[in-house]
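Colleague:
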C-alpha cells in the first residue's frame with residue numbers, strides 16, 4: 008500500500024503487520040489530530056507572550072466561526088478551499104511541488120472579476136457563469152505551463168520556477184486590476200463589483216451559494232480519478248518511484264505536464280467559484296494566502312481528498328473566526344500564519360516519531376543516540 | 006524628463022544597485038554554504054525577515070547600528086538552530102520545514118511589528134559611512150562606492166572568506182563532500198551531521214545579517230514582509246552559481262541593477278507602474294532560468310537527510 012504522506016515528507020512507508028486494527032486506527036487519529044492540538048496550545052503560549060488574552064481570542068474564533076451565521080460563512084469558505092486542496096493533492100501525490108498557488112489563484116480571480124461583468128451584459132446568466140468558470144480555470148492552468156515544461160524538458164527544479172512565476176503572476180494580476188479591469192467610477196484600485204443578482208444563487212434558506220455544490224462534485228470526481236482509475240494508479244507509481252514509472256512505460260514528461268495543469272486548473276476554478284459566489288470583485292494587493300493555509304491539512308489528510316475535508320472545515324472555522332477575532336484582540340491577521348506553520352512543524356515531528364515507533368527503532372536521531380549511549384559506554388568501561 | 010546622465014544621478018544609481026544587491030549577496034552566501042553541504046534552506050526568507058525585524062528593533066532602541074547588525078545575525082542564527090534540529094538531526098522533509106520557517110518568520114515579525122510599531126511606523130536615520138581615504142574623493146564612484154557603511158566592506162570580505170574556505174581548505178572539502186557524496190565523507194572519517202550542522206548555523210547567521218542589512222542600511226526601516234522574495238532569489242542565485250562565489254556576487258549585482266533600472270525608469274518619462282518594477286527582478290530570474298535551464302545544478306545529496314548505512 009502506498010503511503011503518500013510518508014513518501015511526500017521523505018519518510019519510509021509504514022509496515023501494516025503486528026498491530027490490531029483498532030489500535031492502528033487510534034494511532035492514525037492521534038498522529039493526525041495531535042499536531043493541530045499541539046499547535047493550538049503553542050499558539051496560546053505565543054498569545055500570552057505578546058500580552059493578549061488567549062481565552063478571549065479563541066472564544067471569539069468560535070463565536071464568529073460557528074455560532075450565529077458563522078457556520079454559513081465557514082461552509083461558504085469551504086467551497087474554494089476544497090478545490091484548492093484537491094489542486095495541491097494532485098501534484099503532491101506525484102511528488103511534485105507546485106508552490107506557485109498564490110499567482111494561480113489570483114490570476115483566476117482577476118480574470119473572472121474582470122470579464123464576468125462584461126459577460127453578463129451580452130449573454131444569459133448561466134452561459135456567463137460557464138464561460139467565466141472556464142476562463143478562470145484556464146488562467147490558473149496556464150500559469151503552471153512554463154514551470155511544468157521546464158521540469159518536463161530539462162528537469163529544472165519546479166520549487167524555484169513555480170515560486171518565481173508566483174511573484175510575476177501576482178504582479179500581473181495587480182496590473183490588470185489597476186489597468187484594464189479598473190472600475191472607472193472610483194479611484195480605489197479595484198474591479199467592477201458584480202451585482203448580487205448576477206452572482207451564484209444561494210441555497211434556499213441559507214446564505215451559502217451553490218459554489219459549494221460545484222466544489223463537492225468536482226472534488227469527488229477528482230477523488231474517483233485518483234483512486235479508482237488507471238490514471239490514478241499510474242500517478243501513484245510515478246509519485247512513488249520515477250524509475251519504476253519509466254520501466255512500466257509511463258510517459259514522465261507528459262505526466263508532469265498533466266499534473267501541473269490539473270493542479271493549476273483546480274486552483275483557478277477555486278478562485279472563480281469564490282469570485283462568482285461571494286467576493287464579486289477584486290482589489291489590488293489582496294492576497295488571501297489560502298494556498299499556504301491549506302498546505303498542512305493536505306498532508307494531515309494524507310493526500311486523500313476525503314480525509315482532508317474535515318481538516319478544511321476546521322481551517323475554515325479558524326479562518327472565518329480568526330480574522331474577526333484578530334481585529335477584536337488588536338492582533339495582526341498574520342497570526343494565523345504562525346498557527347499554520349506550527350501545525351506543519353508538529354506534523355513533521357510527530358510523523359518522525361510514528362515511523363520510528365513502527366520500525367521499532369530508537370526515537371533519538373543516530374548522531375544524538377551515539378552521543379547519549381556513548382556516555383553510558385564510557386561509564387561502564389571506567 | 007530629467008537628464009539621467011548627470012554624475013549625481015549615476016552615483017545615486019550605483020548606490021541603489023549596491024543597496025539592493027548586498028542583502029542578496031549575504032543571503033546567497035548563506036544559502037551557498039548550506040546547499041554545498043546538501044541542506045536546502047527554503048526558510049531563508051523567514052530568517053532574513055527575523056534578522057531584519059530584530060536588527061531594526063535593536064537599532065531603534067539603542068541607536069547603534071553595530072548592535073542592530075549583531076542582533077540580526079543572532080536572530081538568523083537562532084532560527085537556524087530550529088532548522089538544524091528538525092532537518093539535520095531528525096532528518097525531516099526540508100521543503101515542508103522550510104515553508105514552515107518562512108511562515109513563522111513572516112508571521113511572528115508582522116504580528117510583533119503590528120502590535121508595537123504598527124501605529125507609529127518609525128524610521129531610522131542614515132547609517133554612518135566609512136569613507137575609504139583617497140578613493141572617496143573620486144568624482145562618481147567616490148560618493149557611491151567608496152562612501153558606504155562599514156557593513157558593506159564586511160560583507161565583501163565575508164564573501165571572499167567564504168570563497169577561500171570553500172575552495173582551499175580541508176573544511177571546505179568536507180562541506181562539499183557532504184553535499185556530493187555523504188557516504189564517502191563518512192567513510193573517510195568525517196562527520197556528515199556535524200559538518201552540515203555547522204554550515205547550516207553559519208548560513209542562518211548570514212541570512213540574518215542580510216536581513217538586518219536590508220532593514221538598517223538599504224531601507225532604513227522595517228515593514229512586514231519587506232524581503233518580498235529576496236530569499237527565494239537567493240536560492241536561484243545559489244543554484245545558478247554552483248558554489249562559485251564570484252558568480253554569486255555577479256548575479257546579485259545583476260539583480261541589484263534590475264531593481265534600480267526599474268526605479269530609474271519610473272523617474273524618467275517612461276511611466277512604469279510599480280507592479281512592473283516589482284516584477285522586473287523575478288522576470289529577469291525566470292529568463293535566466295529558461296536560458297540556463299540545462300546548466301542549473303544542485304549537489305546530488307541536496308535535500309536528502311543523511312542516514313548512516315542507508316542506500
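Chains as they are written, first to last, in my numbering: chain R, 8 to 389; chain D, 6 to 316. C-beta atoms are modelled at their ideal positions from N, C-alpha and C, and glycine is treated no differently. Values in this document were obtained by computation on a predicted structure and should not be read as measured data.
1) Buried or exposed for residue 158 of chain D, please, with buried defined as at least 16 other CB atoms from any protein chain shown within 10 angstroms of its CB.
2) List the DSSP bridge partners of residue 216 of chain R.
3) Would residue 11 of chain R pass as an interface residue toward chain D - the criterion being a Cβ-Cβ separation below 8 Å?
4) Less than 8 Å between CB atoms is the rule here; does residue 116 of chain R satisfy it with respect to chain D?
5) What does the alpha-carbon distance come out to for the pair residue 249 of chain R and residue 48 of chain R?
6) Between R:290, R:242, R:127, which has its C-alpha nearest residue 189 of chain R's C-alpha?
7) Which residue's Cα is closest to the Cα of residue 63 of chain D: D:277, D:80, D:49?
8) Quick check on the DSSP output: the alpha helix (DSSP H) that includes residue 139 of chain D runs from which residue to which?
9) Ends of the alpha helix (DSSP H) at residue 144 of chain R?
10) How should residue 158 of chain R be labelled, buried or exposed, when 16 other C-beta atoms within 10 angstroms of its C-beta is the threshold for buried?
11) Spell out whether any CB of chain R is found under 8 Å from the CB atom of residue 95 of chain D.
12) Can you give the Cα-Cα distance for residue 331 of chain R and residue 73 of chain R, rounded to whole angstroms?
13) Under 8 Å, do residue 56 of chain D and residue 217 of chain D count as touching if we go by C-beta distance?
14) Residues of the segment 175-208 of chain R with a CB closer than 8 Å to any CB of chain D: list them in chain order, please.
15) Less than 8 Å separating the beta-carbons of residue 100 of chain R and residue 242 of chain R?
16) Using beta carbons (cut-off 8 Å, strictly below), is residue 63 of chain R in contact with chain D?
17) Which complete alpha helix (DSSP H) runs does the segment 86-170 of chain D hold, if anything under 4 residues is left out?
18) What residue does the alpha helix (DSSP H) around residue 244 of chain D start on, and which one ends it?
19) Are there 16 or more other CB atoms within 10 angstroms of the CB of residue 359 of chain R, so buried, or fewer, so exposed?
20) Would you say residue 28 of chain D and residue 208 of chain D are within 8 Å of each other, going by their C-beta atoms?
21) With a Cβ-Cβ cutoff of 8 Å, do residue 65 of chain R and residue 301 of chain R count as a contact?
22) Does residue 20 of chain R come within less than 8 Å of chain D when only Cβ atoms are used?
23) Do the segment 110-127 of chain R and the segment 142-152 of chain R touch if we need at least three Cβ pairs shorter than 8 Å?
24) What distance in whole Å lies between the Cβ atoms of residue 253 of chain D and residue 30 of chain D, which are believed to be in contact at a cut-off of 8 Å?
25) Under a CB-based cut-off of 8 Å, is residue 112 of chain R close to chain D?
26) For residue 136 of chain R, is the classification buried or exposed, using 16 other Cβ atoms within 10 angstroms of its Cβ as the cut-off for buried?
27) Residue 143 of chain D: which of D:312, D:305, D:13 sits nearest, CA to CA?
28) Can you pull the chain D residues whose beta carbon is under 8 Å from the beta carbon of residue 359 of chain R, in chain order?
29) Determine contact between the segment 82-101 of chain D and the segment 36-54 of chain D, defined as no fewer than three beta-carbon pairs at a distance below 8 Å.
30) What span of residues does the alpha helix (DSSP H) with residue 7 of chain R cover, start to end?
31) Return the residue from the list R:77, R:89, R:57 that minimises the CA-CA distance to residue 311 of chain R.
32) Mind checking which residues open and close the alpha helix (DSSP H) that includes residue 206 of chain D?
33) Would you say residue 369 of chain R lies against chain D (beta-carbon separation less than 8 Å)?
34) Give me the subset of the segment 258-281 of chain D whose CB atoms are less than 9 Å from a CB atom of chain R, sorted by chain position.
35) Consult DSSP for residue 39 of chain R and reduce its assignment to one of helix, strand or coil.
36) Helix, strand or coil: how does DSSP classify residue 311 of chain D here?
Modeller: Straight from the coordinates:
1) Answer is exposed; the Cβ neighbour count stays below 16.
2) Partner(s): R:209.
3) Its pLDDT being 43, under 50, residue 11 of chain R is placed unreliably by the model, and nothing is read from it.
4) No, its Cβ sits nowhere closer than 8 Å to a Cβ of chain D.
5) Answer to the nearest angstrom: the Cα atoms are 40 Å apart.
6) Proximity to residue 189 of chain R across R:290, R:242, R:127 peaks at R:290, based on C-alpha coordinates.
7) For the options D:277, D:80, D:49, the alpha carbon positioned closest to that of residue 63 of chain D is the one of D:80.
8) Annotation: residue 139 of chain D is outside any alpha helix (DSSP H) and is labelled neither H nor E by DSSP.
9) Where residue 144 of chain R is concerned, the enclosing alpha helix (DSSP H) stretches over 132-149.
10) Looking at its Cβ environment, which holds 16 or more other Cβ atoms inside 10 Å, residue 158 of chain R is buried.
11) Yes, because at least one Cβ of chain R sits closer than 8 Å to the Cβ of residue 95 of chain D.
12) Rounded to the nearest angstrom, the two C-alpha atoms are 12 Å apart.
13) Contact flag set, yes.
14) 175, 178, 179, 181, 182, 185, 186: these are the residues of the segment 175-208 of chain R whose beta carbon lies less than 8 Å from some beta carbon of chain D, given in chain order.
15) Result yes, Cβ atoms of residue 100 of chain R and residue 242 of chain R sit closer than 8 Å.
16) Output row for residue 63 of chain R: interface = no.
17) DSSP runs (the alpha helix (DSSP H)) wholly in the segment 86-170 of chain D: 99-121, 145-149.
18) 235-246 is the extent of the alpha helix (DSSP H) around residue 244 of chain D.
19) Burial call: buried.
20) Between residue 28 of chain D and residue 208 of chain D, the gap from beta carbon to beta carbon reaches 8 Å or more.
21) The answer is no: Cβ separation not under 8 Å.
22) Note that residue 20 of chain R scores 48 on pLDDT, short of 50, meaning its location in the model is unreliable and no value can be drawn from it.
23) Using a C-beta cut-off of 8 Å, the segment 110-127 of chain R makes contact with the segment 142-152 of chain R, since at least three inter-stretch Cβ pairs fall below that distance.
24) Yes, they are in contact, since the Cβ atoms of residue 30 of chain D and residue 253 of chain D sit about 7 Å apart, within 8 Å.
25) Under the 8 Å criterion on CB atoms, residue 112 of chain R is classed as non-interfacial with respect to chain D.
26) That one is buried.
27) Per the Cα distances, D:13.
28) In chain order: 95, 96, 97.
29) Touching, yes.
30) The requested residue 7 of chain R does not occur in the structure, where chain R is confined to residues 8 to 389.
31) Measuring from the Cα of residue 311 of chain R, the nearest candidate turns out to be R:89.
32) That run of the alpha helix (DSSP H) goes 197-218.
33) Taking a beta-carbon distance threshold of 8 Å, residue 369 of chain R does not count as an interface residue toward chain D.
34) Correct list: 278, 279, 280, 281.
35) Three-state DSSP puts residue 39 of chain R in a helix.
36) Coil at residue 311 of chain D, not helix or strand.
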